[in-house]
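Q:
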Amino acid sequence: MASVLIVGGGVIGLSIAYECRSRGFEVTVIESRECGGQASGAAAGMLAPYSEITEDPDDFFMLCQKSLELYPDWVNKVMQFSDETFEYSRNGSLYAIYHEADLLSIESKQRWQREYGIESFILTGDEAREREPLLSEDTYAALWCPEESHIYAPGYVAALIDACRNSGVNILEHAGEADLVSGNDRQVKTDKGIFEGDHIVLATGAWSRNWERELKCSIPVFPIRGQICAYKGPELRHIVFTSQGYLVGKDNGTLIAGASEDIAGFDTSVTSHGINRLESWSKHVLPDLKSERPFHKWAGLRPATQDGFPLIGKMTQKPSVFIAAGHYRNGILLSPVTAKIIANEIEQLPQEVPIESFRPERFQLV
Ligand code: GLY
Numbered sequence: 004m005a006s007v008l009i010v011g012g013g014v015i016g017l018s019i020a021y022e023c024r025s026r027g028f029e030v031t032v033i034e035s036r037e038c039g040g041q042a043s044g045a046a047a048g049m050l051a052p053y054s055e056i057t058e059d060p061d062d063f064f065m066l067c068q069k070s071l072e073l074y075p076d077w078v079n080k081v082m083q084f085s086d087e088t089f090e091y092s093r094n095g096s097l098y099a100i101y102h103e104a105d106l107l108s109i110e111s112k113q114r115w116q117r118e119y120g121i122e123s124f125i126l127t128g129d130e131a132r133e134r135e136p137l138l139s140e141d142t143y144a145a146l147w148c149p150e151e152s153h154i155y156a157p158g159y160v161a162a163l164i165d166a167c168r169n170s171g172v173n174i175l176e177h178a179g180e181a182d183l184v185s186g187n188d189r190q191v192k193t194d195k196g197i198f199e200g201d202h203i204v205l206a207t208g209a210w211s212r213n214w215e216r217e218l219k220c221s222i223p224v225f226p227i228r229g230q231i232c233a234y235k236g237p238e239l240r241h242i243v244f245t246s247q248g249y250l251v252g253k254d255n256g257t258l259i260a261g262a263s264e265d266i267a268g269f270d271t272s273v274t275s276h277g278i279n280r281l282e283s284w285s286k287h288v289l290p291d292l293k294s295e296r297p298f299h300k301w302a303g304l305r306p307a308t309q310d311g312f313p314l315i316g317k318m319t320q321k322p323s324v325f326i327a328a329g330h331y332r333n334g335i336l337l338s339p340v341t342a343k344i345i346a347n348e349i350e351q352l353p354q355e356v357p358i359e360s361f362r363p364e365r366f367q368l369v
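Encoded structure:
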């Protein structure tokens with residue numbers, strides 16, 4: 004059977020590895036440090052395209068919607084080969100607004116969502132508080148999306164690693180920086196030696212720009228820091244979004260408040276400015292947090308792209324090389340669909356969603 008070599012052990016690389024292995028490929032993952040050590044493990048784990056994407060529906064929205072639809076089967080598939088379990092909560096979301104003027108925007112969002120078969124409801128402030136009693140009295144209205152869900156990201160990553168290993172994926176961590184071997188598009192050089200694959204998949208998140216020189220192609224992926232903090236409770240029944248961020252309660256009793264969007268290169272430290280903003284905003288949304296202080300603060304680097312769309316697919320100039328990067332705020336959500344797209348590309352099978360907009364070579368080299 005043909006072999007697939009994946010560079011990058013985040014959720015995207017691991018999901019592709021697991022999918023390719025389940026289709027019978029020999030699969031190796033090489034990771035410069037530890038699998039899931041970057042954006043994947045830092046994520047709040049929301050599967051919430053209807054709340055996170057505020058613009059009109061486009062190919063990116065269709066991609067997110069498809070991935071959300073794939074999630075229940077994907078979780079079962081991961082669990083088939085994993086001894087690790089992880090939280091997958093299908094408890095819906097509330098997008099809360101605080102001013103009458105914002106009603107128009109959630110109403111128009113609901114109109115196009117309905118056209119796409121998405122179940123969503125506009126609730127008055129009182130109705131929203133009936134569903135989520137901890138919401139502030141200031142809540143004017145909310146858009147309720149019952150299909151949105153979330154997972155516990157560190158648990159998901161651990162289960163993926165376990166499923167990969169148990170199904171026969173070879174995972175090599177602490178391999179150092181990887182480079183394509185010059186003149187050979189099927190070999191990758193690392194600190195631990197040279198690795199070979201009939202197909203090479205580059206899934207290196209915010210670090211993907213490093214491939215530009217070797218691929219002779221522009222890969223405009225940039226790190227955007229997301230600072231997050233966690234409280235011990237109180238318990239929420241839904242994911243709560245507002246225009247300023249989100250709150251999501253986990254089964255382990257933590258309440259996560261996220262997230263900043265700031266440019267700080269590859270620096271993953273937290274700042275008092277970033278965390279103070281999260282704290283003051285979350286106390287406004289949930290007054291019960293007024294006397295609480297976060298017990299944990301951290302940051303991850305989201306891989307943003309120049310046009311906001313991920314890069315997913317085959318390099319036409321180097322057909323043994325594939326890219327899966329730039330998933331920005333949606334890496335966890337998009338992991339199942341990205342895995343299927345890359346595996347279908349490798350097997351030259353038809354795709355279930357349009358992928359033309361995500362072609363990796365769409366940017367001009369500058
Ligand atoms: N998807 C949530 C975030 O990027 O903060």
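The opening residue of the sequence shown carries number 4 in our numbering; numbering runs sequentially from there.
From the three backbone atoms N, C-alpha and C, an ideal C-beta is built for every residue, glycine too.
Helix or strand or just coil, what does DSSP make of Gly256?
A: If you number the sequence shown from 1, residue 256 lands on position 253. Of the three classes helix, strand and coil, the one that applies to Gly256 here is coil, per DSSP.
Q: Considering only residues of the same chain and omitting the five flanking positions on each side of Leu66, which have a CB-CB separation below 7 Å?
A: Walking along the sequence shown from the start, residue 66 turns up at place 63. Within the same chain, Leu66 has close Cβ partners Leu337, Val340 and Val356.
Q: Check each residue's C-beta against every heavy atom of the ligand COA and list, in chain order, those closer than 7 Å.
A: Judged by which ligands are present, the ligand COA is missing from the structure shown, whose ligands are the ligand GLY.
Q: For Asp291, does the three-state DSSP call read helix, strand or coil?
A: Taking the first residue of the sequence shown as 1, we reach residue 291 at position 288. Helix.
Q: Looking at the unbroken alpha helix (DSSP H) that takes in Leu163, where does it start and where does it end?
A: Here residue 163 refers to the residue found at position 160 of the sequence shown. Segment Ala156 to Ser170, the alpha helix (DSSP H) holding Leu163.
Q: Determine the direct distance from the alpha carbon of Arg332 to that of Gln309, and round the result to whole angstroms.
A: The residue labelled residue 309 in the question sits at position 306 within the sequence shown. The residue labelled residue 332 in the question sits at position 329 within the sequence shown. Distance between the alpha carbons of Gln309 and Arg332: 14 Å.
Q: Given that a residue counts as buried once 16 or more other Cβ atoms are within 10 Å of its Cβ, and exposed if not, what is Ser294?
A: Here the question's residue 294 lines up with position 291 in the sequence shown. Answer is exposed; the Cβ neighbour count stays below 16.
Q: Does DSSP put Asp141 in a helix, a strand or coil?
A: As a first step, residue 141 must be located in the sequence shown, where it is residue number 138. Three-state result, Asp141: coil.
Q: Cβ atoms of Gly48 and His153: under 9 Å apart, would you say?
A: The residue given as residue 153 occupies position 150 in the sequence shown. The residue given as residue 48 occupies position 45 in the sequence shown. Going by C-beta atoms, His153 is nearer than 9 Å to Gly48.
Q: Can you tell which of Ser185, Ser170, Arg168 and Lys192 has its C-alpha closest to the C-alpha of Gly179?
A: As a working mapping, residue 179 is identified with position 176 in the sequence shown. Nearest option by C-alpha distance: Lys192.
Q: The beta strand (DSSP E) that contains Ile344, what's its start and end?
A: By 1-based counting over the sequence shown, the position of residue 344 is 341. First-last for Ile344: Gly334 to Glu350, but that is the alpha helix (DSSP H), not the beta strand (DSSP E).
Q: In whole angstroms, what separates the C-alpha of Ser275 from that of Ala262?
A: Locating residue 275 in the sequence shown gives position 272, counting from the first residue. Locating residue 262 in the sequence shown gives position 259, counting from the first residue. Using only the alpha carbons, I get a separation of about 13 Å.
Q: When the distance is taken between beta carbons, is Val30 closer than 9 Å to Ile9?
A: Counting from one through the sequence shown, the residue named residue 9 turns up at place 6. Counting from one through the sequence shown, the residue named residue 30 turns up at place 27. In this structure, Val30 lies closer than 9 Å to Ile9 by Cβ.
Q: Using a Cβ-Cβ cutoff of less than 7 Å, which residues in the same chain neighbour Asp141 once the five nearest sequence positions on both sides are dropped?
A: For the purposes of this step, residue 141 is identified with residue 138 of the sequence shown, where counting begins at 1. Within the same chain, Asp141 has close Cβ partners Tyr101.
Q: Reducing DSSP to helix, strand and coil, say where Asn79 ends up.
A: As a first step, residue 79 is located in the sequence shown; it is residue number 76 there, counting from the start. Looking at Asn79 - three-state DSSP - the assignment turns out to be helix.
Q: So Ile231 packs on Ile259, CB below 8 Å; how close in whole Å?
A: In the sequence shown, the residue the question calls residue 231 occupies position 228. In the sequence shown, the residue the question calls residue 259 occupies position 256. With 8 Å as the limit, Ile231 and Ile259 qualify as a contact, their Cβ atoms being about 6 Å apart.
Q: Hey, would you say Gly256 sits closer than 9 Å to Glu282, going by beta carbons?
A: Here residue 256 is taken as the residue at index 253 of the sequence shown, counted from 1. Here residue 282 is taken as the residue at index 279 of the sequence shown, counted from 1. No; because the gap between Cβ atoms is not below 9 Å, this pair is not in contact.
Q: I'd like to know whether the C-beta atoms of Val177 and Val7 end up nearer to each other than 9 Å.
A: Position 174 of the sequence shown holds residue 177. Position 4 of the sequence shown holds residue 7. Per the sequence shown, residue 177 should be read as His rather than Val. It is not a contact, given that the beta carbons lie outside the stated cut-off.
Q: Could you have a look at Met65 and say whether DSSP puts it in helix, strand or coil?
A: By 1-based counting over the sequence shown, the position of residue 65 is 62. Three-state result, Met65: helix.
Q: Use the C-beta contact count for His241: other C-beta atoms within 10 angstroms, 16 or more gives buried, fewer gives exposed.
A: Sequence index remark: in the sequence shown, residue 241 carries index 238 (1-based). By the neighbour-count rule (16 or more Cβ atoms within 10 Å), His241 is buried.
Q: Out of Ser246, Leu292, Asp291 and Ala302, which has the shortest C-alpha to C-alpha gap to Val273?
A: Against the sequence shown, residue 273 aligns to sequence position 270. Measuring from the Cα of Val273, the nearest candidate turns out to be Ala302.
Q: Assuming contact is defined by CB atoms lying nearer than 9 Å, are Ile15 and Gly229 in contact in what I supplied?
A: In the sequence shown, counting from the first residue as 1, residue 15 sits at position 12. In the sequence shown, counting from the first residue as 1, residue 229 sits at position 226. If you check the CB distance, Ile15 and Gly229 do not come in under 9 Å.
Q: Keeping to the same chain, check which residues put their C-beta closer than 6 Å to that of Asp265; ignore five residues upstream and five downstream.
A: Here residue 265 is taken as the residue at index 262 of the sequence shown, counted from 1. Within the same chain, Asp265 has close Cβ partners Arg228.
Q: Chain D beta carbons: is any one of them nearer than 9 Å to that of Phe298?
A: No chain D appears in this structure, which consists of one protein chain only.
Q: Would you kindly work out how many angstroms separate the C-alpha atoms of Lys219 and Ala20, rounded to a whole number?
A: Residue 219 sits at position 216 when you count from the first residue of the sequence shown. Residue 20 sits at position 17 when you count from the first residue of the sequence shown. So the alpha carbons of these two residues sit roughly 26 Å apart.
Q: Taking just the CA atoms, how far does Leu314 sit from Ser25?
A: Stepping through the sequence shown from its first residue, residue 25 is reached at position 22. Stepping through the sequence shown from its first residue, residue 314 is reached at position 311. Taken atom to atom, the span from the alpha-carbon of Ser25 to that of Leu314 is near 23 Å.
Q: Pick helix, strand or coil for Ala307, following the three-state DSSP scheme.
A: Taking the sequence shown and counting its residues from 1, the one referred to as residue 307 is at position 304. It is a strand residue.
Q: Apart from the five residues on each side of it in sequence, which residues of its chain come closer than 7 Å, Cβ to Cβ, to Glu103?
A: Numbered from 1 along the sequence shown, position 100 holds the residue referred to as residue 103. Counting only Cβ-Cβ distances below 7 Å, and skipping sequence neighbours, we find Tyr143.
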